[in-house]
Structure formats: C-alpha cells, structure tokens
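One structure is given here, and the rest of the page talks about it.
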Amino acid sequence: MKAKRKVVTSGRSVGASRQASVRRSRPTVEPPRPRARAETRTPASAAPPVEPIPPASVDLSVDLGRGLVLPNPILVASGTFGYGIEYGDVVDVDRLGAICCKGTTLKARIGNPTPRVTETPGGMLNSIGLQNPGVQAVIDKYAATWAGWAVPVIVNVAGESVGDYVEVTRRLEGVPGIAGIELNISCPNVGKGGLQFAIDAGAAAEVTAAVRRATDLPLLVKLSPNVADIRPIARAIADAGADALTAINTLSGIAVGPTRQRPLLGNIYGGLSGPAVKPVALRIVYEAAQTVSIPIVAIGGVTELADVLDFLAVGAVAVQVGTAIFADPTLPVRLVDELAAECAGRGLASHRDLVGTALPKKAAAPSAKGVEYRP
Ligand SMILES: Cc1cc2nc3c(=O)[nH]c(=O)nc-3n(C[C@H](O)[C@H](O)[C@H](O)COP(=O)(O)O)c2cc1C
C-alpha cells in the first residue's frame, strides 16, 4: 500500500487562527543582540509604492518534490518536538508546515548516559544519543494519529549502516500518515570505523542512493556542519537522488564538568544548537544553495521572523525551528502568521519572492578557500 501523502494543492495561508493557549515562558536561551535583519527591501529612494494585500491571500506553500507540498515553510526540527503528539494540547499542529519527528532507528535505543544536556551561551549542547522506541513501535504508537492530521509528518531516520537506513525506510514505506523521510546521516558508519556518513561525500551518497532505491517517499537528507567544505557533499547527495536537503544538524562540541576533572556530558561530546549556530547554518545554506538545484530547508538558531527572512535570503525555501521550541512551543505557529503578515505588508503574493535575494549572481568562492581571511 502506498503512503498517504499530505499534498496541498492550494497552499493559501490561514488568516486568523486558533492561538495556542500556553503562556510564553521566559526563554532560557537568550538570542545575541543586536541582530542583523534580512536586507530584502530596495532602498527607500528607489522603492516602488507597496500595495499591501490581505495576509490570508499570501501563498506560503512549499514544494519539496515527489508530491510533498507543505502548506507553509515553518517546520519543527527533529528531536525538539517529540512525535508531535506530546504538543497536541498546546499547539495547533495542523498549522505547521511539517513535523520532523524524533530520530528513529531499527531497534529501540535507550540513549546516552546522563547528563545529556547543558546550556551554553546562546544555545545548548545535547547528547541524547537517539533514544527512541524503534521503528516498529513508532509506527504502532503514532502513525494512526498522524494519518488523521493535515500536517505532513516526516520521519527522521538514523542508523549505523546503510542496511539499517534501508530497513527502517522499508518499514515506513506505505504506512499511512508518513509523508516523507529525513535522513539523519550524522551517525557513525560502523562498517567504516565509525566515521560519520555526513562528513564523507562517498558515504553520504551511498546511503542516500540505497534509501532512494528502497522508497518512493519524498527523501530529505540532513547535512552536518562538521565538515571543511559542504559543496561536494551536498552535490553528492543531490546526485544520489535526494529530493531536498535540510541543513544543519548540530555542531560537535564539549563542555567541562564543574570539578574540571572530566567533560560534563556523560557521552563527552554533544551537539551545539540554538542562536549561537545560526551564522554557521547561514553559511552552509548559502554555499549549498549555490551548489545544488534541489530545495533546501534551513535549520539552526531560528528564534524570530528576522531569522526566517535571513535563511530565505540565502536560498532556503523553508526553515525548521528546533531549540527555541523548548522555551516557547507556540513560536513556530506564530512565525507562520508573522511571515504571512510580512509578505502581505510588502505586497508579496508569496514568500518565494524572498528566497535567494542575498545570493551572488555567480557562484562565489566558498569559505573553504579561506575567503574570509584578509591579510
Ligand atoms: C535535544 C535535541 C535532540 C535532537 N535530536 C535530533 C535527532 O534525533 N535527529 C536529527 O536529525 N536532529 C536532531 N537534533 C538536531 C535538530 O533537529 C537541529 O538540526 C539542530 O538543533 C539545529 O537547530 P536549532 O538551532 O533550531 O535547534 C536534535 C537537537 C536537539 C537540541
């Protein structure tokens, strides 16, 4: 049986909508200030008169390929929104662009030893270790609920071998309620000495191609920022058949324990996320957007509309909100409304007019060439 795709043919944004009923808690992660805003306006002197349009008439839909058309470009990031069901009482999940669920493996995983998270300036470090009940339990517990939702659910898949990824994908294929797959390839490739798939173009392409052969589901592949040059990896994944890229996963880091006798996290290494990683995510999206023609969904430090506009400007067609959800689960839905209002105020029929405005006309030299070094 084929999977039920969540396809939106007329992707009009919904105007006034149910507001989530939780009070906004004080953010534990403070964004750095002052913040750079997206420069998408023409200078005032040259600006043509703007004809505002009603927010409800702005087309926010996003085509990620293979029939996966999202109602809007604001998704929730894997590992920060559970399986969606946990947030059902506080967020109108059907107003999201899509839900990327917690990383799912073939067998259940209990995760890493504690402590698993710690706050850092402008972000957090986590080493959850892909705790999850395994693919069959995920299907049994959640897929029926997902199938009743309008929001597309994209299952984030992780593994330790190409065979793992393929087998998890095969189990998900044809299950109603699953709209697509996002490959988390920042995982150790056990057959290759534990080297992460995501940091090697050949390994990234191999796992992408194998999963591509195993499924007709829309396939998103998530880039790691922990590489010297993202371009060959992005190209290899696109050539191997991915429908879209997502970027970025967390940056590898450590924290030191209070007695300074060992690193703080039980797993030693953790992944840095939150506002602190946004400039890195912008760079990776900027470089990938000049390298591939498949859509890119940006992730990394989104806390407000200006962040969404910045990521669109460097070529992303959509964004995912991650760490900021822990401080305010209502943020993603509010960003949908704010983006519609922003477009409407500028007289734009679609947010697509904001995509790629900060990209160079000709592909520019990448950071790997040391272009930021000026002797
Ligand atoms: C607690 C936590 C758990 C995460 N788990 C996953 C995961 O299972 N799979 C995955 O691909 N990314 C995972 N991520 C990475 C996020 O999806 C996202 O790529 C990253 O946090 C950057 O976005 P942010 O700065 O908005 O949080 C996790 C992040 C956090 C903070």
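The letter at position 224 of the sequence shown is residue 230 when you use this note's numbering, and the numbering goes up by one with no holes.
Where is the CB? At the ideal position from N, CA and C, for every residue including glycine.
Residue i beta carbon near ligand 1 (any heavy atom closer than 8 Å)
| i | result |
| --- | --- |
| I205 | no |
| N195 | no |
| P281 | yes |
| N255 | yes |
| I305 | yes |
| G140 | no |
| E179 | no |
| I239 | no |
| S84 | yes |
| V123 | yes |
| E188 | yes |
| A324 | no |
| N232 | no |
| A287 | yes |
| L102 | no |
| N78 | no |
| S192 | yes |
| N162 | yes |
| L136 | yes |
| T221 | no |
| K113 | no |
| T214 | no |
| N132 | yes |
| T329 | yes |
| K228 | yes |
Bridge partners - residue i, DSSP secondary structure assignment
| i | result |
| --- | --- |
| V227 | L189 and L251 |
| T110 | V163 |
| G276 | G259 |
| P194 | Q202 |
| Q326 | L81 and I305 |
| S356 | D65 |
| P264 | Beta-bridge pairing links P264 to no other residue. |
| P382 | In the structure as shown, the chain begins at 7 and stops at 381. Residue 382 is therefore absent and cannot be evaluated. |
Point to revise | Sufficient close CB pairs (3 or more, under 8 Å) joining the segment 244-253 to the segment 267-283 | key: Between the segment 244-253 and the segment 267-283, the count of C-beta pairs closer than 8 Å stays below three; the two stretches do not touch.
**Study point:** Three CB pairs or more closer than 8 Å across the segment 161-176 and the segment 98-111
**Key:** With three or more CB-CB distances shorter than 8 Å, the segment 161-176 counts as touching the segment 98-111.
Check your understanding: Taking only runs of the beta strand (DSSP E) that begin and end inside the segment 54-107, which ones reach a length of at least 3 residues, in chain order?
Key -> If we require 3 residues or more, the beta strand (DSSP E) runs fully inside the segment 54-107 come out as 80-82 and 104-106.
Review point. Can you list the beta strand (DSSP E) stretches of 3 or more residues lying completely in the segment 106-159, in chain order?
Key: The qualifying runs are 123-126 and 129-132.
Exercise for review: Kindly confirm or deny that the segment 163-179 and the segment 213-233 touch, where touching means at least three C-beta pairs closer than 8 Å.
Suggested key: At 8 Å Cβ cutoff, the stretches touch.
Review point. Taking three-plus beta-carbon pairs below 8 Å as touching, is the segment 69-77 in contact with the segment 124-141?
Key: Judged by Cβ distances under 8 Å, the segment 69-77 makes no contact with the segment 124-141, as fewer than three pairs qualify.
Check your understanding: If we count Cβ pairs, one from each stretch, closer than 8 Å, do we get three or more for the segment 252-271 versus the segment 307-320?
Key -> In short, these stretches do not touch, since the Cβ pair count stays below three.
Exercise for review: May I ask you to verify whether the segment 342-362 touches the segment 57-67, counting CB pairs closer than 8 Å and requiring at least 3?
Suggested key: Taking 8 Å as the limit for Cβ pairs, the verdict is that the segment 57-67 does touch the segment 342-362.
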